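K.L.:
What follows is a single structure, and I will ask about it in a moment.
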Amino acid sequence: MSEKRITPISSRRFVDVGKNESETREFLKHLEEHGYAIAASVANPGEIDAAKSEMWDFLEGCRGMDGRKDTGVRRENIDTWHDYDDEGRRRWMGSPSTGIISGMGVGQAPFMWRVRSLPGVTNAFAAIWDVGQEDLLVSFDGANVFRPWQYDNDWKTRGGWYHIDQNAFNPGKEGKCCVQGFVLLTDANEETGSLVVVPGSHKHFREVSERNTRGQRHQGTLMDFVQLAKDDEVLETCGGARLVCARAGDLVLWDSRTVHCNSPALTEGNKSSSSSLKPSQCNWDLIRMVAYVCMTPSSWATDDVLEKRWDAYVNNLTTTHWPHEFVGGTMRPNLPSNDPSLLSEAQKKMIGGRSSEPPASATDSIQTPLTEKQREARDLLDQAEETEAKGNHLGAMRLYKQAYRLDPSLEFP
Numbered sequence: 001m002s003e004k005r006i007t008p009i010s011s012r013r014f015v016d017v018g019k020n021e022s023e024t025r026e027f028l029k030h031l032e033e034h035g036y037a038i039a040a041s042v043a044n045p046g047e048i049d050a051a052k053s054e055m056w057d058f059l060e061g062c063r064g065m066d067g068r069k070d071t072g073v074r075r076e077n078i079d080t081w082h083d084y085d086d087e088g089r090r091r092w093m094g095s096p097s098t099g100i101i102s103g104m105g106v107g108q109a110p111f112m113w114r115v116r117s118l119p120g121v122t123n124a125f126a127a128i129w130d131v132g133q134e135d136l137l138v139s140f141d142g143a144n145v146f147r148p149w150q151y152d153n154d155w156k157t158r159g160g161w162y163h164i165d166q167n168a169f170n171p172g173k174e175g176k177c178c179v180q181g182f183v184l185l186t187d188a189n190e191e192t193g194s195l196v197v198v199p200g201s202h203k204h205f206r207e208v209s210e211r212n213t214r215g216q217r218h219q220g221t222l223m224d225f226v227q228l229a230k231d232d233e234v235l236e237t238c239g240g241a242r243l244v245c246a247r248a249g250d251l252v253l254w255d256s257r258t259v260h261c262n263s264p265a266l267t268e269g270n271k272s273s274s275s276s277l278k279p280s281q282c283n284w285d286l287i288r289m290v291a292y293v294c295m296t297p298s299s300w301a302t303d304d305v306l307e308k309r310w311d312a313y314v315n316n317l318t319t320t321h322w323p324h325e326f327v328g329g330t331m332r333p334n335l336p337s338n339d340p341s342l343l344s345e346a347q348k349k350m351i352g353g354r355s356s357e358p359p360a361s362a363t364d365s366i367q368t369p370l371t372e373k374q375r376e377a378r379d380l381l382d383q384a385e386e387t388e389a390k391g392n393h394l395g396a397m398r399l400y401k402q403a404y405r406l407d408p409s410l411e412f413p
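Residues 1 to 413 (the UniProt record's numbering) make up the sequence shown, in order.
This is the structure in structure tokens:
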């Protein structure tokens, strides 16, 4: 399905979810019926500005994979936003094809914790699972940024990578068990690109899983990431794909069974007026900035998972969107360890649930040596990222899958 066949949709933005009984009821009804919903204004303008500034702090502070102190990215200089610097070294940390940032400790970055801790976020997830805010675990998910492709057309991400993030053939995942989300730090519309969903597709979850995992089910546990064939019938039978328009500060949520992806801009926007300008003549900014967030009941997690989550916090690890499972995805970055004593009590609950104080194994910050297979998997992961950055998406996908087979704990982008 091409970008031209995606229709922008301005859905109802539900106010005071988790506090206003009537709005909450309608919000949950919309999520149940359509597979996605929007909780309006969970972040105010001051919180948005603070999170954006902290996200730039993160981007500017990312260390180079070759030992550089930083990669040279600077928010005020758009010429430093390219994938590689003049010497061919990786500079921009986001995926060129999807905008996803999942490495360099992003899962524990200050802007991520700012967003996770917003009352409007925890209120919404508490309403979804009908539990108290103190009974939720949070994902150590990443972020997503789109650069202004009007300045450099190579920065335009790809669309059409429709997938679900839950596999009906994995035990315990036959029904609703995860609702993903992100908080927008910028407006989302047809001129910026955004999340694309196929409304109602979660009701065809088992059939979608079956059609797109036929060659894999003999292998035992399957990846929850299930990419759809380009001509999968659900893309048409559910009425087509919709680009979800929303405002900065909104929390956009979708059932993990819902077919989705992200898409670049559907329109040219102001390309004609800006493409001839020099950097010094235009105040360029990122056109999409989101922080992913997912929460599930802490009672769903085992003690082992809770202990691993504390280790992930201390050692700056990023995971996938599953809070109650420990599905790691990134190598330990060369960053100072985080101090659990600096967390609020609510944040400690988000990490450890009933284990609201870190175990000694976490605070000791012991770096467990990687196995030979894990090292090989991470080498393949690096190769995949480099391959994807050069535009070879099919080759990158093959490398990602090889890495996953060696180490199933790796995050699959």
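Think of the CB as a built atom: it goes at the ideal place given N, C-alpha and C, for glycine as much as any other residue.
Quantities reported herein were computed from a predicted structural model and do not represent experimental measurements.
If you draw a straight line from the alpha carbon of W129 to that of C294, how long is it in whole angstroms?
P.N.:
Reading the sequence shown from its first residue, position 129 is the one you call residue 129. Reading the sequence shown from its first residue, position 294 is the one you call residue 294. If you take the alpha carbons of W129 and C294, they lie about 12 Å apart.
K.L.:
Enumerate in chain order the residues of its own chain whose CB-to-CB distance from P413 is below 7 Å, with the five nearest sequence positions on each side excluded.
P.N.:
Within the sequence shown, numbered from 1, the residue matching residue 413 stands at position 413. Note on P413: pLDDT 48, under 50, position unreliable in the model; the coordinate value appears next. The answer, listed in chain order, is S95, T98, I100, S102, Y400.
K.L.:
Would you mind giving the Cβ-Cβ distance between S201 and L243, rounded to the nearest angstrom? I have them listed as a contact below 8 Å.
P.N.:
Here residue 201 refers to the residue found at position 201 of the sequence shown. Here residue 243 refers to the residue found at position 243 of the sequence shown. Wrong, their Cβ atoms sit about 15 Å apart, outside the cutoff.
K.L.:
Buried or exposed, going by whether 16 or more other CB atoms sit within 10 Å of the CB of P297?
P.N.:
The residue given as residue 297 occupies position 297 in the sequence shown. By the 10 Å Cβ count, P297 comes out buried.
K.L.:
Return helix, strand or coil for A346, following the three-state DSSP convention.
P.N.:
Working through the sequence shown from its first residue, we reach residue 346 at position 346. It is helical.
K.L.:
Let's test the definition: count the other Cβ atoms within 10 Å of the Cβ of P323 and tell me whether it reaches 16, buried, or not, exposed.
P.N.:
Position 323 of the sequence shown holds residue 323. Result: buried.
K.L.:
State the Cα-Cα distance for the pair E376 and A396, rounded to the nearest angstrom.
P.N.:
Here residue 376 is taken as the residue at index 376 of the sequence shown, counted from 1. Here residue 396 is taken as the residue at index 396 of the sequence shown, counted from 1. Cα to Cα, the separation comes out at about 16 Å.
K.L.:
Measuring alpha carbon to alpha carbon, tell me which of D16, G107, E54 ends up nearest E314.
P.N.:
On the sequence shown, position 314 is the one that residue 314 refers to. Here the sequence assigns Val to residue 314, which means Glu is not the residue at that position. Ranking D16, G107, E54 by Cα distance to V314 puts G107 first.
K.L.:
For the stretch 89-141, which segments carrying the alpha helix (DSSP H) assignment without a break, of at least 4 residues, lie completely within its bounds, in sequence order?
P.N.:
Complete alpha helix (DSSP H) runs here, min 4: 110-116, 119-129.
K.L.:
Output the distance between the C-alpha atoms of T213 and A168, rounded to the nearest integer angstrom.
P.N.:
In the sequence shown, counting from the first residue as 1, residue 213 sits at position 213. In the sequence shown, counting from the first residue as 1, residue 168 sits at position 168. The straight-line gap from Cα to Cα measures roughly 10 Å.
K.L.:
Along the chain, where does the alpha helix (DSSP H) containing T237 start, and where does it finish?
P.N.:
Along the sequence shown, read from residue 1 onward, the residue named residue 237 stands at position 237. 234-237 is the extent of the alpha helix (DSSP H) around T237.
K.L.:
Would you list the residues sitting across from D255 in a DSSP beta bridge?
P.N.:
Numbered from 1 along the sequence shown, position 255 holds the residue referred to as residue 255. Paired residues: V179.
K.L.:
For the pair the stretch 11-22 and the stretch 33-49, tell me if three or more CB-CB distances fall below 8 Å.
P.N.:
In short, these stretches touch, since the Cβ pair count reaches three.
K.L.:
Express the C-alpha separation of R147 and S355 in angstroms, rounding to a whole number.
P.N.:
As a first step, residue 355 is located in the sequence shown; it is residue number 355 there, counting from the start. As a first step, residue 147 is located in the sequence shown; it is residue number 147 there, counting from the start. Cα to Cα, S355 sits roughly 40 Å from R147.
K.L.:
Provide the residue span of the beta strand (DSSP E) that contains Y36, from first to last.
P.N.:
Here residue 36 is taken as the residue at index 36 of the sequence shown, counted from 1. Unbroken beta strand (DSSP E) run through Y36: 36-39.
K.L.:
For L118 and D85, what's the separation of their Cα atoms in angstroms?
P.N.:
To locate residue 118, count along the sequence shown from 1; it is residue 118. To locate residue 85, count along the sequence shown from 1; it is residue 85. Near 36 Å, if we compare the C-alpha coordinates of D85 and L118.
K.L.:
Tell me whether M223 sits in a helix, a strand or coil according to DSSP, three-state version.
P.N.:
To locate residue 223, count along the sequence shown from 1; it is residue 223. Here M223 sits in coil by DSSP.
K.L.:
Given F326, which residues of its chain have a CB within under 6 Å of its CB, disregarding the five upstream and five downstream residues?
P.N.:
The residue given as residue 326 occupies position 326 in the sequence shown. Hits under 6 Å: V305, K308.
K.L.:
If you drop the 5 nearest sequence neighbours on each side, which residues of the same chain put their C-beta closer than 8 Å to that of S344?
P.N.:
In the sequence shown, counting from the first residue as 1, residue 344 sits at position 344. Once the five neighbours on either side are set aside, the close Cβ partners of S344 are S117.
K.L.:
From the DSSP output, read off the bridge partner residues of I78.
P.N.:
Taking the sequence shown and counting its residues from 1, the one referred to as residue 78 is at position 78. According to DSSP, I78 bridges with nothing at all.
K.L.:
Check the DSSP bridge columns for I9 and list the partner residues they point to.
P.N.:
In the sequence shown, residue 9 corresponds to position 9, counting from 1. According to DSSP, which records beta bridges pairwise, I9 is partnered with V244.
K.L.:
Short of 8 Å in beta carbon distance, which residues of its chain neighbour R74, apart from the five on each side in sequence? Order them along the chain.
P.N.:
To locate residue 74, count along the sequence shown from 1; it is residue 74. So the qualifying residues of the chain are E60, T80.
K.L.:
Starting from L399, follow its DSSP beta bridges and name the residues at the other end.
P.N.:
Here residue 399 refers to the residue found at position 399 when the sequence shown is read from its first residue. Looking at the DSSP assignment, L399 forms no beta bridge with any residue, so it has no partner.
K.L.:
Can you give me the start and stop residues for the beta strand (DSSP E) that V290 sits inside?
P.N.:
As a first step, residue 290 must be located in the sequence shown, where it is residue number 290. Unbroken beta strand (DSSP E) run through V290: 288-292.
K.L.:
Using 8 Å as the threshold, is the stretch 179-197 in touch with the stretch 252-268, meaning 3 or more CB pairs across them?
P.N.:
Counting Cβ pairs under 8 Å, three or more are found: they touch.
K.L.:
Taking the alpha carbon of L381 as the point to measure from, which residue in R398, T371, A360, K390 has its own alpha carbon closest?
P.N.:
Counting from one through the sequence shown, the residue named residue 381 turns up at place 381. The option with the nearest alpha carbon to L381 is R398.
K.L.:
Could you tell me whether the Cβ atoms of L184 and A248 are closer together than 8 Å?
P.N.:
Taking the sequence shown and counting its residues from 1, one reaches residue 184 at position 184. Taking the sequence shown and counting its residues from 1, one reaches residue 248 at position 248. Yes, the pair counts as a contact, with Cβ atoms nearer than the cut-off.
K.L.:
Would you mind sorting S139 into buried or exposed? The rule is 16 or more other CB atoms within 10 Å of its CB.
P.N.:
Along the sequence shown, read from residue 1 onward, the residue named residue 139 stands at position 139. With 16 or more other Cβ atoms within 10 Å, it is buried.
K.L.:
Under 7 Å Cβ to Cβ from V145, same chain only, skipping five residues before and after it: list those, please.
P.N.:
As a working mapping, residue 145 is identified with position 145 in the sequence shown. Around V145: G94, G99, I101, L286, R288, M289.
K.L.:
Rounded to whole angstroms, how far is the Cβ of G18 from the Cβ of A124, which I believe are closer than 8 Å?
P.N.:
Counting from 1 along the sequence shown, the entry for residue 18 is found at position 18. Counting from 1 along the sequence shown, the entry for residue 124 is found at position 124. At roughly 6 Å, the Cβ-Cβ gap stays under 8 Å, so G18 and A124 are in contact.
K.L.:
Expressed to the nearest angstrom, what Euclidean distance is found between the alpha-carbon atoms of Q150 and R90?
P.N.:
The residue labelled residue 150 in the question sits at position 150 within the sequence shown. The residue labelled residue 90 in the question sits at position 90 within the sequence shown. Cα to Cα, the separation comes out at about 22 Å.
K.L.:
Apart from the five residues just before and just after T71, which ones in its own chain have a Cβ nearer than 8 Å to its Cβ?
P.N.:
Locating residue 71 in the sequence shown gives position 71, where the first residue counts as 1. Cβ within range, chain order: C62, R63, G64, D85, R89, R90, R91, W92, M93.
K.L.:
Tell me the residue span of the beta strand (DSSP E) that contains P358.
P.N.:
Reading the sequence shown from its first residue, position 358 is the one you call residue 358. Segment: none, P358 is in no beta strand (DSSP E) and carries neither H nor E.
K.L.:
According to DSSP, is V198 part of a helix, a strand, or is it coil?
P.N.:
As a first step, residue 198 is located in the sequence shown; it is residue number 198 there, counting from the start. Note: V198 maps to coil in three-state DSSP.
K.L.:
Going by other Cβ atoms of all chains shown within 10 Å of its Cβ, with 16 needed for buried, is G132 buried or exposed?
P.N.:
As a position in the sequence shown, residue 132 is number 132, starting the count at 1. Looking at its Cβ environment, which holds fewer than 16 other Cβ atoms inside 10 Å, G132 is exposed.
K.L.:
Which residues in the same chain as N316 place their Cβ atom closer than 8 Å to its Cβ, once the five residues preceding and following it in sequence are excluded?
P.N.:
Counting from 1 along the sequence shown, the entry for residue 316 is found at position 316. The answer, listed in chain order, is G105, G107, Q108, R332, P333, L335, S337, N338.
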